[in-house]
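Asks:
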Amino acid sequence: MRLFIDTNVMIDIIAMREPFYTDAAKLIVLAETKHIEITASSLSFVNTFYVLVKNHPKDVLKEVLKKFRIVCNVAAIDEMNIDKSLYSSFNDFEDAVQYYSAVHCNSDVFITRNKKDFKSSEIPIMTPSEFLASINKK
């Protein structure tokens, strides 16, 4: 199962942001044990660093991102992704870029805490807790 994680989930993991960290961190454990594959866009790595460096030492943050990168694939953002995003019906350009990155890398599920921003999605949109509940039912 291939999961694409949105920037908000990546920040939850890297910053250990409660009350969201626990469920998001469980995704990392699943990836480490090869039960799932996770991907984030290159934009998410940049945005996560940009947001968190204001309150975290740069060198510490880079080390945490290096460790995170071991279990997380990186989806490139190319001109096709940008073109689809520019001509999409998304209200938020960054959300469109994230979504088309997920589609381009054949993700099975898009993981975000902002489900309302992805109403017309062709792939399932779930929060970390919803995804975990769905696999516990199986």
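In terms of our numbering, the sequence shown opens at residue 1076 and continues consecutively.
Just so it is clear, CB atoms sit at the ideal spot from N, CA and C, and this is done for glycine as well.
Taking only the alpha-carbon atoms, compute the straight-line gap between residue 1089 and residue 1167 and give it to the nearest angstrom.
Replies: Spanning the two alpha carbons is a distance of roughly 23 Å.
Asks: Taking 7 Å as the limit between beta carbons, can you name the residues of its chain near residue 1103, skipping five residues before and five after?
Replies: Hits under 7 Å: 1088, 1146.
Asks: Do the CB positions of residue 1173 and residue 1098 come within less than 7 Å of each other?
Replies: No. Outside cutoff.
Asks: Let me make sure I understand the geometry here. Which of 1133, 1140, 1117, 1138 has the alpha-carbon closest to that of residue 1149?
Replies: When only C-alpha atoms are compared, the closest one is 1117.
Asks: Round the Cβ separation of residue 1182 and residue 1156 to the nearest angstrom and send it over; I've been treating them as touching at under 8 Å.
Replies: Going by Cβ atoms, the distance from residue 1182 to residue 1156 rounds to 13 Å, so no, they are not a contact pair.
Asks: Quick one: using the 10 Å Cβ neighbour count with 16 as the cut-off for buried, is residue 1211 buried or exposed?
Replies: Result: exposed.
Asks: For residue 1129, I'd like the list of residues in its chain whose CB is within less than 8 Å of its CB, leaving aside the five on either flank, ordered along the chain.
Replies: Cβ within range, chain order: n/a, list empty.
Asks: Within 10 angstroms of its Cβ, does residue 1119 collect 16 or more other Cβ (buried), or is it exposed?
Replies: It is buried - the Cβ of residue 1119 has at least 16 other Cβ atoms within 10 Å.
Asks: Would you kindly report the start and end of the unbroken beta strand (DSSP E) that includes residue 1086?
Replies: Element bounds for residue 1086: not the beta strand (DSSP E) but the alpha helix (DSSP H), 1082-1089.
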